[in-house]
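Quick mapping for you: the protein sequence lines, in order, are chains P and A. In terms of the numbering used here, the first sequence opens at residue 1315 and continues consecutively. In terms of the numbering used here, the second sequence opens at residue 126 and continues consecutively.
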Amino acid sequence: MSEFDQLYREVILDHYKNPRGHGLLDGADAHAEGQNPLCGDEVTVSVRFDGETISEVGFEGRGCAISQAATSMLTEIVVGRNAAEVAQMPKEELLEEIGIPLTPVRLKCALLGLGVLKVALHKSKGTPLPDEWMQGDDLTMS
Amino acid sequence: MAVTADAKLDVQRIRADFPYLEELSNGKPVAFLDSAASTQKPRQVLDALHDFYSHRYANVHRGVYRLAERATEGYEGAREKVRAFVNAPSTREVVFTRSATEGINLVAYAWGLENLGPGDVVVITELEHHSNFVPWQFVANRTGASFRHIPIDDAGELQLDALDEIAASGKVKIVANNLVSNSLGTINPVEKLAAWAHEQGAIMVVDAAQAAPHRPIDVQALGCDFLAVSSHKLCGPTGVGALWGRAELLERMSPFNLGGEMIRSVALDRTSWNELPYKFEAGTPAIAEAYGFGVAIDYLSEIGMGAIERHEHELTEYALGRLSELDFVRVFGPPVERRAGIVSFDVAGIHPHDVAQILDWEGVAVRAGHHCTQPLMARLGVAATTRASFYLYTIPEEIDRLVDGLHKVKQHLG
């Protein structure tokens, strides 16, 4: 198998070209956006709940095939699951689903959507925030 | 090296100086097209570092033993090489820093925080690297000064007709600009900006990190007040850079870092500062790295900065020509006359990470990302670009391989 086929395997390209859960939800219960500081890629995630259960996830983003496909796959994995459980979801679970070897830089691409989803859950449900999404005060020009 | 400053570069001979260029990646030689991020290092610099650490190394400016004297000679000799390289009037005005970024921060903290206040204006451009943007945004925010930018046109060139409106908005105190844009390669009209800055009573700060490796630098001809350079972008070691500043400004500034070396005397109730440039060099400096920086300057100067500039100009012209053959590639930035050896582009809307990944498999190393210029990316309407950049060791065949690789990118993901 060529290097191309290993990284951009068919399922990745399919999710990239036909993303699931694409588009933000009207009247969503939770909402968050985040950037990958390495490359400026952006993902915005919106979530609807049925009680404590994630009933629907929609996203929009600008990024590479890996980040967009991973976020698309994520929307399929988490629907129907408990919010607190997803907030604790180990990254390995998503990486197994993606199923390709990733270098450290591309790992950050793959995990962008998951991080942003956890921020949305934190804002709405008070679940723990992943360490890498903790931040201090920003510089905001008046 | 028996090359005169005016001759065409003997690129094959230069390439033989760089061990990395002999390596193979996936059975192919690497086309290293990311010198704008950092350059490869010639044996002359690598050997000099080994020799310095082996036989000349001790702390500087202190020991009375001969080894310490030799180390100090090496370190101070490098300062003289930097002085000559940027045509500064005196080595008193050449401060060794950790990086060009630290040089700019030094000016931002030691001059900016002390001299700015409400009603003052700090001017940067839409083309700046974050290193010449965020420090100014920070000090403006801290002091209540306003923070204004000179916009660019669609070709990535500064729109100087905005200057009058900026001048009317307050008292301009600082103008900061890169001489060459690291993202687009734009060569900026720093002389004009420096003259305008001085008409306003402002100081002119030049980020030359991306210019100094590729063209002759003359701080006196530029007419600026501060200029920051970095070693690792010009074949030297990482961890060292230099800031040139006018002595009369440096003398009036407070120190930036405090500690050993930067003092004249210390007592419980008072401390006085050392003379220039040591007032700004607290702590043990990157001694061997500064020495290696000087060796890198010698290496480039022997080849000739004018010859390097011409070589890169030819490569850039060639690259722009080859890329224009590809109807799925959109190149950002100015025409070749006002562009250094940097070409940023979009490939059929395919994300630059994916472009760079496929090029890597073809043994072509390019940069993909925002290049630490997010305000510029926002202006261009993209999250990121793919960037190829050239240096004295770059050959046209590597640009051909880039073009071949881009066809593969299109074929796979287009």
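We put the CB at the ideal spot given by N, CA and C, even for glycine.
Across the structure, A:E439 and A:R223 are spaced so that their CA atoms are roughly 33 Å apart. With respect to chain P, the C-beta atom of A:N266 has a partner C-beta closer than 8 Å. Taken through DSSP and simplified to helix, strand or coil, P:A1401 comes out as helix. Burial check for P:Q1382: the Cβ neighbour count within 10 Å reaches 16 or more, so the residue is buried. For the segment 1371-1389 of chain P, the set of residues with a beta-carbon nearer than 9 Å to any beta-carbon of chain A comprises R1376, G1377, C1378, A1379, I1380, S1381 and Q1382, in chain order. Nearest to A:T511 by C-alpha distance, out of A:R504, A:L538, A:G474 and A:P500, is A:G474. About 7 Å separates the Cβ atoms of A:A193 and A:N184, confirming a contact at the 8 Å cut-off. Among the residues of the segment 1432-1455 of chain P, those with a Cβ less than 7 Å away from any Cβ of chain A are L1453 and M1455, in the order of the chain.
Between the alpha carbons of P:P1333 and A:R371 lies a gap of roughly 57 Å.
Proximity of the segment 1393-1407 of chain P to the segment 1424-1444 of chain P meets the contact definition, three or more beta-carbon pairs being nearer than 8 Å. The beta-bridge partner set that DSSP reports for P:A1346 consists of P:V1359. Using a C-beta cut-off of 8 Å, the segment 1358-1370 of chain P makes contact with the segment 1338-1348 of chain P, since at least three inter-stretch Cβ pairs fall below that distance. At a cut-off of 8 Å between beta carbons, A:H186 makes no contact with chain P. Relative to the Cα of A:K535, the nearest Cα in the group A:A481, A:I139, A:R492 and A:A411 belongs to A:A481. With respect to the 8 Å criterion, A:G419 and A:G228 are not classified as neighbours on the basis of their beta carbons. Within 10 angstroms of the beta-carbon of P:E1317 lie fewer than 16 other beta-carbons, which makes it exposed. In terms of Cβ geometry, A:R455 and A:V528 do not form a close pair [threshold 8 Å].
Here the alpha carbons of A:E251 and A:Q499 stand approximately 9 Å from one another. Residue-level contact check: P:D1355 touches chain A, since one or more beta carbons of chain A fall below 8 Å from its beta carbon. For A:G494, the closest Cβ of chain P is nearer than 8 Å. Taking all protein chains in view, the Cβ of A:V507 is crowded by 16 or more other Cβ atoms within 10 Å, so the residue is classified as buried. If only uninterrupted beta strand (DSSP E) runs of at least 3 residues are considered, those enclosed by the segment 464-533 of chain A are 467-472, 492-494 and 510-514. Taking every protein chain shown into account, the CB of A:K166 has 16 or more other CB atoms within 10 angstroms, so this residue is buried. Here A:K133 is actually not in contact with A:A334; their C-beta atoms are around 27 Å apart, not less than 8 Å. Under the Cβ distance rule, P:L1321 counts among the residues neighbouring chain A, one pair being separated by less than 8 Å. Burial of A:D479 is indicated by the presence of at least 16 other C-beta atoms within 10 angstroms of its C-beta. About 27 Å separates the CB atoms of A:R526 and A:M430; that is not less than 8 Å, and the two are not in contact.
Between A:L383 and the set A:V365, A:E406 and A:A413, the nearest pair of CA atoms involves A:E406.
By the neighbour-count criterion, in which 16 or more other beta carbons inside 10 Å mark a residue as buried, A:Q137 falls on the exposed side.
No Cβ of chain P is located within less than 8 Å of the beta carbon of A:A336. Contact of A:A509 with chain P is assigned, a C-beta pair being separated by under 8 Å. A:I291 sits close to A:V248, with the two beta carbons spaced by under 8 Å.
Taken in chain order, the whole alpha helix (DSSP H) runs of length 4 or more contained in the segment 259-337 of chain A are 259-268, 288-293 and 315-324. With a 10 Å radius around the Cβ and a threshold of 16 neighbouring Cβ atoms, A:R168 comes out exposed.
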